[in-house]
Amino acid sequence: MTRRTVHLVFAAVAAVGLLVSARLGAQQANFDAVQVRVLKAQGNIYMLTGAGGNVTVQAGSDGVLVVDTQFAGMSEKLLAAIRTISTGPIRYIIDTHVHGDHVGGNENIRKAGSTIAGGNVSGDIKDAAEGAQIWAHDNVLLRMSDPKLTPAIPTAAWPTSTFTGKDKKLFFNGEGVHLIHEPAAHTDGDSLVYFRRSDVISTGDIFSTVSYPVVDLQNGGTINGVIAGLNHILDLAIPKDKQEGGTYIIPGHGRVCDEADVLEYRDMVTIIRDRVLDLIKKGMTLEQITAAKPTLDYDGRYNATFWTADMFVEAVYRSLNTPGGVSTAR
Ligand SMILES: [Zn+2]
Numbered sequence: 051m052t053r054r055t056v057h058l059v060f061a062a063v064a065a066v067g068l069l070v071s072a073r074l075g076a077q078q079a080n081f082d083a084v085q086v087r088v089l090k091a092q093g094n095i096y097m098l099t100g101a102g103g104n105v106t107v108q109a110g111s112d113g114v115l116v117v118d119t120q121f122a123g124m125s126e127k128l129l130a131a132i133r134t135i136s137t138g139p140i141r142y143i144i145d146t147h148v149h150g151d152h153v154g155g156n157e158n159i160r161k162a163g164s165t166i167a168g169g170n171v172s173g174d175i176k177d178a179a180e181g182a183q184i185w186a187h188d189n190v191l192l193r194m195s196d197p198k199l200t201p202a203i204p205t206a207a208w209p210t211s212t213f214t215g216k217d218k219k220l221f222f223n224g225e226g227v228h229l230i231h232e233p234a235a236h237t238d239g240d241s242l243v244y245f246r247r248s249d250v251i252s253t254g255d256i257f258s259t260v261s262y263p264v265v266d267l268q269n270g271g272t273i274n275g276v277i278a279g280l281n282h283i284l285d286l287a288i289p290k291d292k293q294e295g296g297t298y299i300i301p302g303h304g305r306v307c308d309e310a311d312v313l314e315y316r317d318m319v320t321i322i323r324d325r326v327l328d329l330i331k332k333g334m335t336l337e338q339i340t341a342a343k344p345t346l347d348y349d350g351r352y353n354a355t356f357w358t359a360d361m362f363v364e365a366v367y368r369s370l371n372t373p374g375g376v377s378t379a380r
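What the sequence shown shows, in this note's numbering, is residues 51 to 380, in sequence order.
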């Protein structure tokens with residue numbers, strides 16, 4: 051049942067010229083031509099790009115924390131890039147959500163954490179044997195361990211530590227790292243990761259600069275949850291006075307942003323949600339609403355081959371046009 055959405059997300063990689071199967075993890079994809087680029091955001095935080103979602107790295111005297119791990123086939127390059135930032139032990143992995151382009155490298159990166167911790171850290175044998183801890187919202191583990199998944203995801207790739215409720219607080223490399231669950235947004239297991247001293251928020255796929263937000267209905271996503279998540283990012287972010295800068299935002303896909311970029315995106319998503327809602331209230335069918343092109347003025351910027359305007363409109367429609375969906379939409 052998740053196959054279609056998973057395929058859509060992986061098609062983002064196909065769009066850059068790679069042959070990628072629709073299977074979670076995409077172990078067999080050819081990433082030879084892909085390079086990992088490292089960009090310093092600010093403070094202790096770096097953004098790494100490659101194939102799949104953006105990776106956020108926090109590095110310091112305690113070691114390395116990695117948010118999202120791209121595809122398994124990217125792990126070697128990802129690790130080499132992380133090593134240009136820090137040779138310290140990889141202690142934590144955080145999964146922003148369940149999609150294979152964000153968690154495919156979990157197992158490999160976790161094991162690398164084990165090797166380096168074992169080499170460099172004495173008196174920490176148990177932790178070294180287990181490798182890096184993988185943190186995620188509990189719904190990520192529930193979906194990854196779903197016995198109906200074919201092929202199954204190896205247990206070594208599953209989160210080792212999960213949280214329920216609204217958040218989880220870690221302290222690492224001298225700063226508070228705040229995992230904030232955004233219920234029913236891109237999926238039902240999304241976490242924002244807020245680095246409080248560096249002043250950087252890693253958003254997962256609630257925010258992207260390369261497409262309309264993907265609303266993964268099959269994995270518990272809703273359009274109103276996406277908007278709530280974007281509003282929450284805006285609540286947390288503080289812009290530098292009348293300039294670019296202030297809090298940095300690392301999106302699931304695309305370039306490093308600031309508060310103004312998220313504001314613009316939130317407004318766009320909200321406007322389209324409201325347009326679709328108005329058309330639903332007029333009694334129009336999905337076909338009629340799609341034909342009315344409620345996204346048209348934004349398509350030049352956000353219509354993507356892997357997640358087209360029509361797919362987005364359909365997801366918004368289905369998300370709102372459920373029992374209670376219209377009445378609770380505002
Ligand atoms: Zn995703």
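Virtual Cβ for every residue (Gly too), placed ideally from N, Cα, C.
Which residue wins for smallest C-alpha separation from residue i, given the options the options?
i	options	result
V84	A91, I95, T99, N94	T99
N274	D317, Q92, R247, A310	D317
F245	V107, I330, L199	V107
L89	E180, R368, A131, D118	A131
Y262	K218, D347, E337, L327	D347
V243	N156, D145, Q268	D145
A365	Q268, M334, A287, I288	Q268
V105	I143, N80, G138	I143
V312	V326, Y367, L336, I256	I256
R160	H152, A79, Q183, H149	Q183
L192	E314, G271, P209, Y315	P209
V306	Q92, K331, S195	Q92
N158	G296, A207, Y298	A207
A342	I322, F356, R351	I322
T237	M97, T253, I300, A359	T253
V276	G103, S258, R133, K290	S258
V260	T137, Y96, G103, N80	G103
D118	W185, D285, I330	W185
From the DSSP output, read off the bridge partner residues of residue i.
i	result
Y367	In DSSP, Y367 forms no bridge with anything.
A211	Strictly speaking, residue 211 in this sequence is Ser, with Ala absent from that position. Answer by DSSP bridge pairing, in chain order: W185.
D240	E232
L220	V227
T200	Per DSSP, none; premise fails for T200.
M97	L89, T106
F245	V227, V250
Use the C-beta contact count for residue i: other C-beta atoms within 10 angstroms, 16 or more gives buried, fewer gives exposed.
i	result
L74	Low local confidence applies: a pLDDT of 41 at L74 is under 50, so the model's placement there is unreliable, with the coordinate-based value given in what follows. Per the 10 Å Cβ criterion, buried.
Q120	buried
D174	Confidence is the limiting factor: at D174 the pLDDT is only 47, short of 50, which leaves the residue's position unreliable, though a coordinate-based value still follows. When all chains shown are included, D174 counts as exposed.
N170	Residue confidence for N170 is low, a pLDDT of 46 falling below 50, so the modelled location carries little weight; the figure read from the coordinates is stated next. Exposed, because fewer than 16 other Cβ atoms sit within 10 Å of the Cβ of N170.
D82	exposed
A167	Residue placement at A167 is flagged as unreliable, the pLDDT there being 43, under the threshold of 50; a coordinate-derived value is accordingly withheld.
F221	exposed
A354	buried
S125	buried
K176	Since pLDDT at K176 reaches only 47, below the 50 mark, its modelled position is unreliable, and the value read off the structure follows with that caveat. Burial call: exposed.
V363	buried
A234	buried
T165	Annotation note: pLDDT 42 at T165 (below 50); position unreliable, no value reported.
G14	This structure does not reach residue 14, given that the chain is present from 51 up to 380, and the question cannot be answered.
I140	buried
K218	buried
R54	Legend: pLDDT at R54 = 44, less than 50; position of this residue unreliable, value from coordinates given subsequently. Under this definition R54 is an exposed residue.
E225	buried
A202	exposed
L370	buried
F60	In this predicted model, F60 has a pLDDT of only 41, less than 50, meaning its place in the structure is not dependable; the value taken from the coordinates is given anyway. It counts as buried.
T195	Checking the displayed sequence, the identity of residue 195 turns out to be Ser instead of Thr. Flag for S195 reads exposed.
Flag residue i as yes if its beta-carbon sits less than 8 Å from any beta-carbon of chain D, otherwise no.
i	result
I132	Among the chains of the structure shown, chain D does not appear; only one protein chain is present.
Practice task
Report all residues for which the CB-ligand distance to some heavy atom of ligand 1 is below 5 Å; order them along the chain.
Solution key: Listed by chain position, these are H149, D255.
Practice task
Identify every run of the beta strand (DSSP E) within the segment 115-158, keeping only runs that are complete inside it and at least 3 residues long; order them along the chain.
Solution key: The beta strand (DSSP E) runs lying completely inside the segment 115-158 and spanning 3 residues or more are 140-144, given in chain order.
Problem - Those runs of the alpha helix (DSSP H) which lie wholly inside the segment 248-320 and span at least 4 residues - result: Within the segment 248-320, the alpha helix (DSSP H) runs of at least 4 residues that lie entirely inside it are, in chain order, 273-286.
Practice task
Please go through the segment 319-369 and give each complete alpha helix (DSSP H) segment of 4 or more residues, from N-terminal end onward.
Solution key: As for any alpha helix (DSSP H) of minimum length 4 sitting wholly inside the segment 319-369, the runs are 336-341, 349-352, ordered along the chain.
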